[in-house]
Amino acid sequence: MGMIGEYARLTAAEFERAVGDPDWAYRRVRELTEQEWDEEPPWDRARRFDTDKMWHALDFLLRRIGFPVDIVFGEEEIPGAEEWSYGPPRCLTPAQVRAAADAVDATPPARLTEGVTPADLAEADIYPTVVWERGEPVDEVSAHYEALAVFLRAAARDGDGVLVWIS
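Numbering-wise (UniProt numbering), the sequence shown opens with residue 1 and increments by one.
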């Protein structure tokens, strides 16, 4: 299966509760996952999102251009949160979600991958390295970035906070 970048949008009230009660947050994320499992709502209505295995490439490319918000790993720790898979979840507060949405508005997908080849990602040992070693195009990273941008804009529009983790 591999490591997947995961996101959950929570209303402001849910977000506050989640930060204060990580066990409740885990249960709420499971509920959201079950609710959307078959429905697959569009990204501007979805409460759950994932970047599949492109999380590491997204992180590498966003850091490379000096993106101002950590939308891959989250900006804040959740006090007392235990591991959900590969470490504890982190979060973006509603204000950080707004800043992230503004930053994606100012950062077209082409800027993310400009001048970057699959060989560059393989050389940097970006997960999943086998994809880049095969010479797969970096377009898949751009596609995940575009979908994440829609998700973050919707979260910002609604004043939501976002939980982030790798599973």
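Cβ coordinates follow ideal geometry from the N, Cα and C atoms, glycine included.
Residues of its chain near residue i, where Cβ-Cβ distance is below 8 Å and the 5 sequence neighbours each way are ignored
i	result
Ile65	Thr107, Arg111, Leu112
Ala12	Pro94, Gly159, Asp160, Gly161
Ala124	Phe60
Arg134	Pro118
Cut-off 6 Å between Cβ atoms - residues of its own chain near residue i, not counting five sequence neighbours on either side
i	result
Pro130	In the sequence under discussion, the amino acid at residue 130 is Val, which differs from the Pro named in the question. Cβ neighbours of Val130 beyond the five flanking positions: none.
Ile71	Ala100
Pro68	Ala103
Contact under 9 Å by Cβ, residue i with residue j
i	j	result
Met3	Ile166	yes
Gly5	Asp52	yes
Phe151	Trp43	yes
Val104	Arg153	yes
Ala18	Arg98	no
Thr117	Val138	yes
Leu148	Tyr7	yes
Endpoints, alpha helix (DSSP H) assigned at residue i
i	result
Phe151	139-158
Trp55	55-64
Thr107	Looking at the DSSP string, Thr107 is not in any alpha helix (DSSP H), and its letter there is neither H nor E.
Thr129	129-133
Pro118	118-123
Beta strand (DSSP E) segment containing residue i, residue limits
i	result
Trp165	161-166
Residues bridged to residue i [DSSP beta-bridge criterion]
i	result
Phe49	Tyr7
Leu92	Val162
Gly87	Ser85
Glu77	Arg90
Close Cβ partners of residue i (< 7 Å) along its chain, the five nearest in sequence each way excluded
i	result
Tyr145	Leu58, Pro109, Leu112
residue 170	No answer is possible for residue 170: the residues shown for the chain start at 1 and end at 167.
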